[in-house]
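Below is one structure; the comments refer to it alone.
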Amino acid sequence: MIGTDDAGRRWSIGELARATGMTVRALYHYDEIGLLRASERTPAGHRRYTERDLRRLYRVRTLRTLGLSLEEIAGVLDGAADDPESMRHLLTAQLRRLDEHAELIGMLRRRVRGLLRQAGDSSGPDPDRLMTALELMSVFETYLTEEQRERLAERRAALGGEGVEAAKHEWKGLVEEGLRLVETGVPAEDERARDLVRRWDALAGRFHPAGPEGERTRAAAQRMWQDNSAEIGRSLPWPAERIVGLVAYLAQARHTG
């Protein structure tokens, strides 16, 4: 702690980074884009964050976990009142998501207990149960509820094996097309980029349920990508940084459209 006075506690940028698990570089970036600026400066020009800044950072981090982009978060915070009621709504939304995660963890614990009971058998745990446990441990399972996974599985089953393979082939073509647009410098506002987004979203729509439920699964998939883009990108046949750039490009084109 740097110190306190009649106005309350102050944090340096290094202290705030250590306390929140963020990097100093990320806090500098938040400052540069106007998302979180230190309310005060020392005579030497060093940033000093106040309790009000801390509350704003909490809002930023919470909205990030709910799937909003930094640009969207800025819009929300600029139009939101800094009062107990707005914080209550934000905490309620975060608690709902934590409850979803707790449900998934509880499910995984039950699966592991079942495997543990089988571990003493001569044949060991049943392969199907092992596969289920592995699926539950995946990143995908972290972000989607069991019901959402079942709905997605139903959609895949409805498409059939040939339909899924055709969709994969189509998606690969869209990725290659998008990478060419990015690499040749076509602006995200260009009609070619917006047309790509429309076809991309239409393809994704084949795998998501219709209506509000589909919107929730899309939001969960978006959070999964935002939080794990590097890891997911490494599993694809293109360099991870190119895929990350493409997804950002598509998001920008979607926003402009």
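Taking the UniProt record's numbering, I'd label the letters of the sequence shown as residues 1 to 257.
Yeah, the Cβ is synthetic: ideal placement off N, Cα and C, and Gly gets one too.
- Nearest C-alpha to Leu-36 among Arg-59, Gly-45 and Arg-9: Arg-59.
- As DSSP reads the structure, Glu-40 sits in a beta bridge with Arg-48.
- Per DSSP, the unbroken alpha helix (DSSP H) holding Arg-192 starts and ends at 191 to 205.
- Ranking Gly-21, Ala-193, Ala-220 and Glu-215 by CA distance to the CA of Leu-250 puts Ala-193 first.
- Distances from the alpha-carbon of Pro-237 to those of Val-164, Gly-205, Trp-171 and Asp-195 put Trp-171 closest.
- Shown here, Trp-171 sits in a helix according to DSSP, grouped into three states.
- It is roughly 42 Å from the alpha-carbon of Gly-185 to the alpha-carbon of Thr-92.
- Taking each of Leu-95, Arg-55 and Leu-98 in turn and checking the Cα distance to Leu-77, the smallest one comes out for Arg-55.
- Residue state for Gly-34 is assigned as coil, using DSSP reduced to three classes.
- In this model, Ala-167 and Ser-39 are separated by some 50 Å (Cα to Cα).
- Looking at Ala-202, Arg-242, Tyr-30 and Gly-161, the one whose alpha-carbon comes closest to that of Leu-181 is Arg-242.
- In the three-state scheme derived from DSSP, where H, G and I count as helix and E and B as strand, Val-186 is classed as coil.
- Closest in alpha carbon position to Gln-252, among Gly-211, Asp-190 and Arg-206, is Asp-190.
- Bounds of the alpha helix (DSSP H) holding Thr-256 are 240 to 256.
- Less than 9 Å divides the Cβ of Thr-50 from the Cβ of Arg-9.
- A straight-line Cα-Cα distance of about 15 Å links Thr-217 and Arg-96.
- Under the three-state reduction of DSSP, Gly-21 is assigned to coil, being neither helix nor strand.
- Leaving aside the five residues that flank Arg-155 on each side, the residues in its chain whose CB is nearer than 8 Å to its CB run, in chain order, Arg-206, Phe-207, His-208 and Pro-209.
- By the CB criterion at 9 Å, Leu-57 and Leu-16 fall inside the cutoff.
- Non-local beta-carbon contacts of Thr-23 in its own chain, meaning distances under 7 Å to residues more than five positions away in sequence, involve Ala-17 in chain order.
- Between His-255 and Glu-32, the C-beta gap is not smaller than 9 Å, which leaves the two residues out of contact.
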